[in-house]
Amino acid sequence: MTMLELENIQGYLIRGYAHMLYSRFVYLQISDANAVKKWLSKSWLEMTSARHIHDKSKISPTHLNIAFSHEGLRALGLKEENLAAFSREFRQGMVSAHRTRLLGDYDTSKPENWNWGDKNTDSIHLCLMVFGNDKTAKDDLEKDKIVCLNYYRELESQFEENGLKQLFFIDGQTQPDNKEHFGFRDGISQPIIEGSGRVGNKDDVVKAGEFLFGYKNEFGVYPDTPLIVKEQGNLNLLPPDAGGSGKKDIGKDGTFMVMRQLEQDVNKFWSFMNENSKNPNGSINIEDSLKLGAKFMGRWQNGAPITLFPDKDPGPNSDINDFGYSKFDKDGLKCPFGSHLRRANPRDNVDDHSPKESLKLSNQHRIIRRARLYGEIYEGSPTNTTPNGEVGLLFICFNVDISRQFEFLQYTWANLPKNKELYNDPDPIIGVKEQANLGEEQNFTIQDSPVNKTYKNLPRVITVKGGAYFFFPSINVLRYLSTI
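Here is the structure:
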């Protein structure tokens, strides 16, 4: 049985910090590498780990985690030979021409239009993630905000002396019921990392090596991990390569973190649902609009899977996640094949594979997903469609193989219009092009008997506003980086 070194793993990967409703993601540049290393030599002790704290009263009201870009590791002083040991995707970054094609970042979502992360903005070296929770006030966003920002200001006051220059920050929020701006409960279906101590459906248990370097993955091998090729720093702080190369492993208990700032067009989403479900007299049919939105998403607004509740949202909020498509909905008559959540995690029903083989394939492409809302806290619905100002998600995910996990999900299971028996159906939430090619259809198909129902000319409801790939090191590696 795999046992994770939880005290060495940064907590945001395992925990998610759902009790901390407010957070600030601070993007920084290294202006003085020696000062930053001096800071790291002490601050690694402050980083929140994934260790279990059974006495909830002893959980800190503030959490802190950190991640580095490839340029950040270079600015810190990691030698070129060691930088080259990291994966190609991490080295190239999110805005190479090839990655742009893979991720479908075109039109207003092309990197040239981003607020941050593209080649025309200041290089981001690291992201500091600050979280706060007022334990005296359960589920109080405003009080959590005060705790978070007070901690941030304490850190900010020392940035300059610690060799750090703040570029900008993004504030992230969550609602107590964890609904996102379109109005759907978020983050219900997450893989359980083997050895993490979490319990749940056995079909959701995924090998640790899918999310952490230094452990075997779903293929039964150790993932390619960044190794120290040219000696530098105190190598006694690093473990040997579990793969047996004899080299020291800078990746062990760390992973890669993907960040994408995604603006959500709530009005466009619900206007499409309303228009395609309206009453004969042209008025809004709220019930049918909600149902169509649930078909697009794959779950009802309160979180219940339409696979198990195809006709009506059972309410109240639901965390039900123990189901398989092959077992309950093989023909897609309840949850359409093209729905966002079914595409992102097809579970036991991948193409024509058996349920057992499908689960194996699905688990080879899982990600640990985190998301925080930015902008006004807003719950969209058929009659609530116009938030004040820009709203969206700061999408975050963790994986050790960016290409096989995050990029595969985006390119193969979201952007490609061919899926199961479908030929013109991109993911209706994240895969639709803003400007379709000449003669190209962008449809959403609801399987039905005797004939399917097809919705044409899907709108693009997401705009990418920024993004980057980061290395999310172990706490011990933070200590090592202070010695290079």
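Each residue of the sequence shown is one higher than the one before, counting from 1 in full-length UniProt numbering.
All C-beta atoms, glycine included, are put in the ideal place defined by N, C-alpha and C.
Rounded C-alpha distance that separates residue i from residue j
{"i": "P191", "j": "I367", "result": "7 Å"}
{"i": "Y406", "j": "R369", "result": "The identity of residue 406 in the sequence shown is Phe, whereas the question assumes Tyr. One C-alpha to the other measures close to 10 Å."}
{"i": "F472", "j": "V451", "result": "48 Å"}
{"i": "Y378", "j": "E275", "result": "21 Å"}
{"i": "Q130", "j": "A294", "result": "Per the sequence shown, the amino acid found at residue 130 is Val instead of Gln. V130 and A294: Cα-Cα distance of roughly 33 Å."}
{"i": "G251", "j": "T412", "result": "27 Å"}
{"i": "G132", "j": "R347", "result": "34 Å"}
{"i": "S474", "j": "L292", "result": "43 Å"}
{"i": "R91", "j": "L333", "result": "43 Å"}
{"i": "A304", "j": "D322", "result": "11 Å"}
{"i": "Q435", "j": "K268", "result": "15 Å"}
{"i": "Y325", "j": "K360", "result": "14 Å"}
{"i": "E81", "j": "T2", "result": "31 Å"}
{"i": "Q442", "j": "R460", "result": "10 Å"}
{"i": "E210", "j": "S403", "result": "12 Å"}
{"i": "V36", "j": "M47", "result": "15 Å"}
{"i": "G72", "j": "F256", "result": "14 Å"}
{"i": "A414", "j": "Y17", "result": "27 Å"}
{"i": "F408", "j": "T136", "result": "43 Å"}
{"i": "F168", "j": "A67", "result": "15 Å"}
{"i": "L155", "j": "G220", "result": "42 Å"}
{"i": "E112", "j": "N279", "result": "42 Å"}
{"i": "E194", "j": "K207", "result": "5 Å"}
{"i": "N234", "j": "L290", "result": "58 Å"}
{"i": "K247", "j": "V477", "result": "15 Å"}
Under 8 Å between C-beta atoms of residue i and residue j
{"i": "G380", "j": "V266", "result": "yes"}
{"i": "T454", "j": "T445", "result": "yes"}
{"i": "L341", "j": "M297", "result": "yes"}
{"i": "H181", "j": "G392", "result": "yes"}
{"i": "N317", "j": "D177", "result": "yes"}
{"i": "G187", "j": "A33", "result": "no"}
{"i": "S57", "j": "L6", "result": "no"}
{"i": "E376", "j": "E263", "result": "no"}
{"i": "residue 487", "j": "L238", "result": "As shown, the chain starts at 1 and ends at 484. That puts residue 487 outside it, with no answer to give."}
{"i": "S283", "j": "T385", "result": "no"}
{"i": "N302", "j": "D313", "result": "yes"}
{"i": "N437", "j": "R343", "result": "no"}
{"i": "Q410", "j": "P336", "result": "no"}
{"i": "V350", "j": "S339", "result": "no"}
{"i": "F398", "j": "L13", "result": "yes"}
{"i": "G467", "j": "M94", "result": "yes"}
{"i": "Y170", "j": "Y374", "result": "Sequence inspection shows Ile at residue 170; the Tyr mentioned does not correspond to that position. Closer than 8 Å, so yes."}
{"i": "C240", "j": "V400", "result": "The identity of residue 240 in the sequence shown is Pro, whereas the question assumes Cys. No, the pair does not count as a contact, with Cβ atoms beyond the cut-off."}
For residue i: DSSP bridge partner residues
{"i": "T463", "result": "E263"}
{"i": "N419", "result": "L422"}
{"i": "N452", "result": "Paired residue(s): none; N452 is not in a bridge."}
{"i": "F408", "result": "DSSP output for F408 lists no bridge partner at all."}
{"i": "K165", "result": "Q29"}
{"i": "M257", "result": "F398, F470"}
{"i": "G369", "result": "Contrary to the premise, residue 369 reads as Arg rather than Gly in this sequence. DSSP, once it has assigned bridges, lists C397 as partnering R369."}
{"i": "I377", "result": "Beta-bridge pairing links I377 to no other residue."}
{"i": "N65", "result": "M129"}
{"i": "V205", "result": "I192"}
{"i": "N476", "result": "Paired residue(s): none; N476 is not in a bridge."}
{"i": "D171", "result": "R24"}
{"i": "W116", "result": "G466"}
{"i": "V249", "result": "Per the sequence shown, the amino acid found at residue 249 is Asp instead of Val. DSSP output for D249 lists L227 as bridge partner(s)."}
{"i": "T48", "result": "Partner(s): none; T48 has no beta bridge."}
{"i": "K179", "result": "R185"}
{"i": "G392", "result": "E263, Y374"}
Beta-carbon separation (whole angstroms), residue i vs residue j, contact threshold 8 Å
{"i": "G172", "j": "S69", "result": "Wrong, their Cβ atoms sit about 19 Å apart, outside the cutoff."}
{"i": "Q232", "j": "I484", "result": "5 Å"}
{"i": "I430", "j": "D253", "result": "Their Cβ separation, rounded to whole angstroms, is 30 Å, which puts I430 and D253 out of contact at 8 Å."}
{"i": "Y27", "j": "W114", "result": "Actually they are not in contact, since the Cβ atoms of Y27 and W114 sit about 13 Å apart, beyond 8 Å."}
{"i": "residue 489", "j": "S189", "result": "Because residue 489 is not part of the residues shown, which for the chain are 1 to 484, the question remains open."}
{"i": "A242", "j": "G200", "result": "Contact doesn't hold; Cβ gap of about 26 Å is too wide."}
Next on the checklist: Assess contact between the stretch 214 to 231 and the stretch 71 to 88, defined as three or more Cβ pairs (one per stretch) separated by less than 8 Å. Is contact present?
Outcome noted: yes
Next on the checklist: For the structure I just gave you, are there three or more beta carbon pairs, one from the stretch 120 to 136 and one from the stretch 71 to 80, closer than 8 Å?
Outcome noted: yes
Next on the checklist: Check whether the stretch 412 to 425 and the stretch 302 to 316 touch, using three or more Cβ-Cβ pairs below 8 Å as the test.
Outcome noted: no
Next on the checklist: Quick check: the stretch 42 to 53 against the stretch 99 to 107, are at least 3 beta-carbon pairs closer than 8 Å?
Outcome noted: no
Item to check | Segment contact, 8 Å Cβ cut-off, at least three pairs: the stretch 159 to 168 with the stretch 315 to 329 | outcome: no
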